[in-house]
Amino acid sequence: MAEIVVAGGGICGLNAAMLLAGEGHAVTVLERDPEPPPRTAEEAWAGWERKGVNQFRLPHFFLARFRIVLEAELPGVLPALDAAGALRTNPIAEAPEFVTGGPRPGDEEFWSVTGRRPVMEATIAAVAASTPGLTVRRGVTVTGLVTGGPARSGVPHVSGVQTGGGQEFRADLVVDATGRRSTMPRLLEAIGARPPAEELDDCGFVYYGRTFRSQDGSLPPAFGPPLQHYGSVSTLTLPADNGTWAFAFITRARDTTLRSLRQPDVWARAAASFPLVAHWASGEPLESDVLAMAGIEDRSRRYVLDGVPVATGVVPLADSWACSNPSVGRGASIGLLHAVALRDLVRGGPLDDPLAFALAWDEATESVAAPWYQETLWADRHRLGEIDAVLAGQPYEPLDHRYELLKALGFGAAVDPELQRLSVRNALLLSTLDEIIEQVGADRLLAVGGGWREAPPAGPDRSELVKVVAA
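Those letters in the sequence shown? Residues 957 to 1427, per my numbering, in order.
Below, the structure is given as structure tokens:
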């Protein structure tokens, strides 16, 4: 069995570590944030400091794909999440029958298990701590890489890590799960590796979020999908654990007019102006301030260039490989799919051939995770284009047929139960847009949802919203 070091003890790193330990490997997780996870949901929310995760207390949602993979691969996690008060939710089962057409076979696939990020992570960390073969060390920062004999001339081989405390951890494989702020490219450069191919851009969004609780444990009813677009702003309403939920506005980072949403009174006025979601701001706020987050990067890194890895013995996982706009909630699910792919590749046994392993990991990443990342990035670019067009007072006409089909699917979901389920499948990371287009056909999508441009607005337009925030 192998010695494996996982750098990063967030949700994806812990899940990967448990999957690998379940195969009999000796796995050590090194997490730079020192505080251990609290024992209760309330302590996790109120007092757990995770400075390495800048969106720790902003809205999170864990999709149905996350639940499905946990159920199949890490079944011990789900009972722990249930015991911590995580929410089981199904957008089809909970919608009125006149909207969904009544229950249908397969609707059970839409169940998600979700909650606030601190609560979910603390619970997963507790399960990881009791996993045989898995050791979690907190307050340990990876500051350098240990090298061994190269598998190919000119390609450094990583055989472990060095920490800020002067320790060395030798490993047959180092997994970088340190997230969107990963310093692994710099550490690889220090041992003479070529830099990975990197695509980097500010995703262009800023988030203004608040979290609420009801007195009786009830949750606000949903009158539409969690993410709704209104011209230059989007609303995000997410149910969570223990009678809590989150509500966020998402705007263009360069939209200076809406920066006043950071003020609680302005935020509340704006929330009240959107009829379909205004009631989501009527609970007891769990913090006095509006939490804001900007400067989120869209980034992907590829560690194989022209058929040659930049290094062997080390692989990027989840957000350390690619990260994007978190408003669609795909990060944890893509990361878990990625972790299962890693477990499967290690199970296949090519760790004793580091060069073959690095090439196989690149292929697995491109097959399992890259299609979801590329779809998310593509949709984000169109959403930014829509916002820029509104700010410029112009229509958005990108001349992209696939974009037309995406908009038709969203509009058709409101009137057609089949398209509604397919739209939910895409949102919950169960089917890609291209799979849906192939299944339904472009003609049917446009026949049902092609009138999306003529749909009446369900909230204030730009000028009305500007008046609300300026009042």
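Just so it is clear, CB atoms sit at the ideal spot from N, CA and C, and this is done for glycine as well.
Asked: Distance cut-off 7 Å: VAL1396 Cβ against heavy atoms of the ligand FMN; Found: In terms of ligand content, the structure shown is empty, and the ligand FMN therefore cannot be addressed.
Asked: GLY1405 in three-state terms, based on DSSP; Found: helix
Asked: Backbone CA spacing between ARG1126 and PRO1088 [nearest angstrom]; Found: 19 Å
Asked: Cβ pair count under 8 Å reaching 3, the segment 1148 to 1158 against the segment 1313 to 1331; Found: no
Asked: TYR1434, DSSP secondary structure in three states; Found: With the chain running from 957 to 1427 in the structure shown, residue 1434 is simply not present.
Asked: Cβ pair count under 8 Å reaching 3, the segment 1096 to 1112 against the segment 1240 to 1254; Found: no
Asked: Cβ distance (whole Å) where SER1256 is taken to contact ALA1133 below 8 Å; Found: Not really, about 16 Å apart at Cβ, beyond 8 Å.
Asked: Where the alpha helix (DSSP H) containing THR1103 begins and where it ends; Found: Element bounds for THR1103: not the alpha helix (DSSP H) but the beta strand (DSSP E), 1098 to 1108.
Asked: Whole-angstrom C-beta distance between PHE1161 and ASN1281, which should lie under 8 Å; Found: 6 Å
Asked: Cβ separation of LEU1293 and VAL1324, assumed to be a contact under 8 Å, to the nearest whole Å; Found: 6 Å
Asked: Delimiting residues of the alpha helix (DSSP H) encompassing GLU1112; Found: It should be pointed out that residue 1112 corresponds to Pro in this sequence rather than to Glu. No alpha helix (DSSP H) holds PRO1112; the beta strand (DSSP E) holding it covers 1111 to 1119.
Asked: Spatial distance of ASP1172 from ASN1046 (CA atoms); Found: 21 Å
Asked: For ASP1211 and SER1188, believed in contact at Cβ under 8 Å, the rounded distance; Found: 6 Å
Asked: C-beta contact flag for ALA1364 and ILE967 at 8 Å; Found: no
Asked: Cβ of THR1200 within 8 Å of any chain D Cβ; Found: In the displayed structure, chain D is absent; only one protein chain is listed.
Asked: GLU1410, buried or exposed, once every other Cβ within 10 Å from all chains shown has been counted against 16; Found: exposed
Asked: Beta-carbon gap between ALA1224 and THR1167 smaller than 8 Å; Found: no
Asked: Cutoff 6 Å; reference LEU1037; Cβ partners in own chain excluding five residues on either side; Found: VAL1069 and THR1079
Asked: Sequence-distant residues of its chain with Cβ nearer than 7 Å to VAL1033 (five each side left out); Found: LEU1026, ILE1080 and VAL1083
Asked: Minimum length 3: unbroken beta strand (DSSP E) runs contained in the segment 1248 to 1287; Found: 1253 to 1258 and 1270 to 1272
Asked: Contact check, ALA997 vs GLY1041, beta carbons under 8 Å; Found: yes
Asked: Spatial distance of GLN1118 from ALA1146 (CA atoms); Found: 12 Å
Asked: Option nearest VAL1260 by Cα separation, candidates LEU1311, TYR1164 and ASN1382; Found: LEU1311
Asked: Which of helix, strand or coil DSSP assigns to PHE1161; Found: strand
Asked: CA-to-CA distance, ARG1215 to VAL1131, given in whole angstroms; Found: 38 Å
Asked: Complete alpha helix (DSSP H) runs within the segment 1323 to 1391 (minimum length 4 residues, chain order); Found: 1326 to 1348, 1357 to 1368 and 1373 to 1383
Asked: Inter-residue Cα distance where the pair is GLY1263 and ALA1314; Found: 10 Å
Asked: 7 Å CB neighbourhood of VAL1396 in its chain, flanking five on each side removed; Found: LEU1378
Asked: Other residues of its chain near TYR1359: CB distance less than 6 Å, five sequence neighbours each side excluded; Found: HIS1338
Asked: At least three beta-carbon pairs within less than 8 Å, the segment 1373 to 1393 to the segment 1417 to 1425; Found: no
Asked: Inter-residue spacing [alpha-carbon to alpha-carbon] between THR1099 and PHE1018; Found: 31 Å
Asked: 6 Å CB neighbourhood of THR1091 in its chain, flanking five on each side removed; Found: THR984
Asked: Rounded Cβ spacing between GLU1253 and ASP1344 (contact assumed at less than 8 Å); Found: Contact doesn't hold; Cβ gap of about 19 Å is too wide.
Asked: C-alpha distance - ARG1108 paired with ASP1308, whole-angstrom precision; Found: 13 Å
Asked: Coil, strand or helix - PHE1012 by DSSP; Found: coil
Asked: Own chain partners of ALA1369 with C-beta closer than 6 Å, once the 5 adjacent residues on each side are dropped; Found: LEU1375, GLN1376 and SER1379
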